[in-house]
Amino acid sequence: MDARPSLLWFRQALRLADNPVLEAAMTRGGPVIPVFILDSGEEGEWRPGPASSTWLTESLTSLDHDLRERGSRLILRRGLAGEALLALTRECDARAVFFDRRYEPAASVSERDIERMLITRGIEVVSANASLLVEPDRIATEAGGPYRVFTPFHRAWQRIAIGESPRPVPRMMPAPVRWPVRDVRIEVDACARGRLIRDGGWKPGERGALERLRAFVKASLTGYPNDRDRPGIGGTSRLSPHLHFGEIGPRQIADAVQTRAAGSSAPGEMRAAEAYLRQLAWREFAVHVLHHHPHTTDRPLRPEFAAFPWSRGRAGLEAWKRGETGYPVVDAGMRELLGTGWMHNRVRMIAASFLTKDLRVPWLAGARWFWEKLIDADLANNTFGWQWTAGCGADAAPYFRIFNPVLQGMRYDAQGVYVRRWIPELSRLPDRWIHRPFEAPADALAQAGVRLGRDYPKPIVDHARAREEALLAIASIAGGRRKAPRGGRRSGRHPAH
DNA sequence: TGAAATGTTGGGGCG
DNA sequence: ACGCCCCAACATTTC
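Numbering of the first sequence is given in this note's numbering, commencing with residue 165 and proceeding in unit increments.
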């Protein structure tokens, strides 16, 4: 057996259980030396923002801790990943480098370059998929191209993902190693826990991810189909940041969910499992689309949207960012984002629809704000979600699908639990008005202690009118095939206008 | 993974 | 008893 060490280059699979990269490295024999490299070049124009970086720091600390429990540790390096890996292979006399594949444009170009460079230097390179049930190149349409519609993608994905996905492998540990070099340094400092992490109740790292999965399967999976769209209820798994950094893998999640469903006689359990797995499919669809259309991080998938008449003003965007649009469910979401680095998915859709359609702010501006503030910021999912909402992406909602923030609020937060949590100044308003304080009679506002325009803003746009204008805007780029919407009346019943 | 406008239906009040 | 109207409820169409 070759006693020369292997480098285990952690990228977005920051875990020790069900990690095919670690498994491959350990199977190969010889010492395994774990390393993480902070290289902004891997991220291209989309460097992680402060929220995501905070999580990463915590996650690396956690991974290092887990490794140290068995006498190993995580080497951290800064700089170009290729150079750092080459230097480390020399310092350790490593013969091979193992890493987890990534699929974002910059990262996948980078890893190909690095692989080629290492091979020319005589280093063996092994990569593996640790992030997806189905990698983006494994699925193609009849015509051999990438999918652009979810439903057929989902069918194809299910055949592969559910049919042949092997059981996850248990937690593995690199054996204790006496480092052959002295100058490798761990720079992960035990920095103060970020406010977002603390206030959001998060626990970055593999242990936190597994706890979250177990709690979700036990307490919330059964109710998932009903509860997942209600932001006032903790009905979602909240695994998104853990998944993004690979503190847990989709195979572990699918296994836990299916095991639960198989062990139950209740028919609802199977339905719940399918509903949740479907969300994993959406996640992988986003990766599929970005992988095959790398320009979509900055440009619409549908080219006709390059001519869309976006609004130029900044005021709407700024009010949206602060959570001061005057539409409670939108503002609650934006404040949840600022306070915890996370936002319920239903509310993400509502808030994104409001920005791109009611305010007609370019989707990229919203995508950049989410990118900066989300602890689960993920290039494929963020890009996909924004283009989907804006109507310019894959399987996009037709542009005329415009969310009504009042109706959405009443439908999914009927008791106003979510709005009251994040907008306490409205908390004494009765349910009837909680999603439309601007329509509440004066005495109801007075009784609740709300002075509109002082305690809570008046709506910055009239939704009914904004909707008409958005429909006109889409008609203007539709090549004259679409007729302009009828009517165009103002609602006439809006106190703020 | 919409909303609003428009069309249809059927029960009940009422002359 | 009957036709007419109103309108809520639901379905369909359109944006």
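Cβ coordinates follow ideal geometry from the N, Cα and C atoms, glycine included.
As the structure is a prediction and not an experimental result, all values here were calculated from the model.
Given this structure, state the Cα-to-Cα distance separating residue 263 from residue 292, to the nearest angstrom.
If you take the alpha carbons of residue 263 and residue 292, they lie about 7 Å apart.
Under the three-state DSSP convention, the category residue 620 falls into
In the displayed model, residue 620 falls within a strand according to three-state DSSP.
So the beta strand (DSSP E) residue 663 belongs to, where does it begin and stop?
Nothing about residue 663 can be reported from this structure: the residues present for the chain run from 165 to 661 only.
Counting only runs that start and end within the segment 416–482, where is the alpha helix (DSSP H) found for 4 or more residues in a row?
Within the segment 416–482, the alpha helix (DSSP H) runs of at least 4 residues that lie entirely inside it are, in chain order, 431–456.
Do you know how far the Cα of residue 363 is from the Cα of residue 504?
Distance between the alpha carbons of residue 504 and residue 363 is about 6 Å.
Whole-angstrom distance between residue 415 and residue 335, CA atom to CA atom
Their Cα atoms are separated by approximately 13 Å.
If you check the beta carbons only, do residue 139 and residue 230 fall under 8 Å apart?
Because the chain here runs from 165 to 661, residue 139 falls outside it and cannot be looked at.
Buried or exposed for residue 315, please, with buried defined as at least 16 other CB atoms from any protein chain shown within 10 angstroms of its CB.
Here residue 315 is exposed: its Cβ has fewer than 16 other Cβ atoms, across all protein chains shown, within 10 Å.
Looking only at its chain, what residues have a beta carbon closer than 6 Å to the beta carbon of residue 351, apart from the 5 residues adjacent to it on each side?
For residue 351, the predicted model reports a pLDDT of 49, less than 50, meaning its position is unreliable and no value from the coordinates is stated.
For the candidate residues 530, 524, 580, whose alpha-carbon lies nearest to that of residue 564?
The option with the nearest alpha carbon to residue 564 is 524.
Just verifying my parser: in three-state terms, what is the DSSP assignment at residue 629?
Three-state result, residue 629: helix.
Rounded distance between the beta-carbons of residue 300 and residue 508, thought under 8 Å:
Taking the Cβ atoms as the reference, residue 508 lies roughly 27 Å from residue 300, outside the contact range of under 8 Å.
Do residue 338 and residue 182 have their CB atoms nearer than 8 Å?
In terms of Cβ geometry, residue 338 and residue 182 do not form a close pair [threshold 8 Å].
Hey, quick one: how far does the beta strand (DSSP E) through residue 173 stretch, first residue to last?
Residues 170–174.
In the DSSP output, what is residue 565 paired with across the bridge?
Beta-bridge pairing links residue 565 to no other residue.
What three-state label does DSSP hand residue 306 in the structure shown?
The three-state secondary structure of residue 306, taken from DSSP, is coil.
Close Cβ partners of residue 530 (< 7 Å) along its chain, the five nearest in sequence each way excluded:
Taking C-beta separations shorter than 7 Å and ignoring five residues to either side along the sequence, the partners of residue 530 in its chain run 516, 519, 520, 550, following chain order.
Ignore the nearest five residues each way along the sequence and tell me which others in residue 561's own chain have a CB closer than 8 Å to its CB.
These residues qualify, in order along the chain: 552, 553, 555.
Between residue 436 and residue 400, how many whole angstroms is the CB-CB distance? I'm expecting something under 8 Å.
In this structure, residue 436 and residue 400 do not form a Cβ contact; the two beta carbons are roughly 12 Å apart against a cut-off of 8 Å.
Look at residue 662 and residue 447 and say whether their C-beta atoms are less than 8 Å apart.
The structure shown does not extend to residue 662, since the chain is modelled only from 165 through 661, so no value can be given for it.
Could you tell me which uninterrupted beta strand (DSSP E) segments, each at least 3 residues in length, are contained entirely in the segment 228–302, listed from first to last along the chain?
Entirely contained in the segment 228–302, the beta strand (DSSP E) runs reaching 3 residues are, in chain order, 239–242, 260–264, 288–292.
Straight-line Cα distance separating residue 598 from residue 396
Going from the Cα of residue 396 to the Cα of residue 598 covers about 13 Å.
Can you give me the C-alpha to C-alpha distance between residue 372 and residue 325, rounded to a whole angstrom?
If you draw a straight line from the Cα of residue 372 to the Cα of residue 325, it comes to about 25 Å.
Residue span of the alpha helix (DSSP H) that contains residue 314, given as start and end
Unbroken alpha helix (DSSP H) run through residue 314: 314–328.
Roughly how many angstroms lie between the CA atoms of residue 473 and residue 637, to the nearest whole one?
When rounded, the distance between both Cα atoms is 6 Å.
On the three-state DSSP scale, how would you describe residue 514?
Here residue 514 sits in helix by DSSP.
Looking only at its own chain, which residues have a Cβ that is under 7 Å from the Cβ of residue 321, when we skip the five neighbours before and after it?
Excluding positions up to five away in sequence, the list reads 298, 303, 445, 448.
What number of angstroms, rounded off, separates the C-alpha of residue 175 from the C-alpha of residue 269?
Cα to Cα, residue 175 sits roughly 15 Å from residue 269.
In whole angstroms, what is the alpha-carbon distance linking residue 480 and residue 311?
Between the alpha carbons of residue 480 and residue 311 lies a distance of about 35 Å.
Answer yes or no: the CB of residue 449 versus the heavy atoms of the ligand ATP, is any distance below 7 Å?
As for the ligand ATP, it is missing from this structure, which has no ligand bound.
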